[in-house]
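Per this note's numbering, residue 16 is the first one in the sequence shown, and the count goes up by one each step.
All C-beta atoms in this analysis are idealised placements derived from N, C-alpha and C, irrespective of residue type, glycine included.
The structure displayed is predicted, hence computed values, not measured ones.
Have a look at the structure below, then the notes.
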Amino acid sequence: MSIPVACHLNVLVPDMAEPGLRSALRTLADLGYSAVVLPPIDPESAPLGEWAALFRDHGLAPITLAGQAPGATSPPATR
């Protein structure tokens, strides 16, 4: 039975920048991980297509996270 296992990318590298990302993904794939938890990213400026291809090439699924700063609120219309 295969169990999906994820590792947080920050275990190996401080961020999604090169150099380091490709090597980290290769290492995680070689170790048998099936998914990688991503550090916070800005989807407006991130090279999402490039990153998607890297994850696909290494057979890994990215897991994104969302966070909210203490004291932050959403607009009343979306509450």
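Alpha-carbon to alpha-carbon, residue j and residue i
i: VAL52; j: ALA67; result: 13 Å
i: ALA21; j: ARG41; result: 14 Å
i: ALA44; j: ALA81; result: 24 Å
i: LEU46; j: GLY74; result: 12 Å
i: HIS23; j: PRO55; result: 11 Å
Residue i: first and last residue of the uninterrupted alpha helix (DSSP H) it sits in
i: ALA67; result: 63-72
Distance CB(residue i)-CB(residue j) smaller than 8 Å
i: VAL26; j: GLY35; result: no
i: ALA61; j: PHE70; result: no
Cut-off 6 Å between Cβ atoms - residues of its own chain near residue i, not counting five sequence neighbours on either side
i: PRO58; result: none
Segment limits, beta strand (DSSP E) that includes residue i
i: ALA21; result: 21-23
Contacting residues, own chain, Cβ-Cβ under 8 Å from residue i (five flanking each side not counted)
i: ILE78; result: ALA21, ALA50, VAL51, VAL52 and LEU53
Every unbroken alpha helix (DSSP H) inside the region 35-60 [4 residues or more]: 36-45
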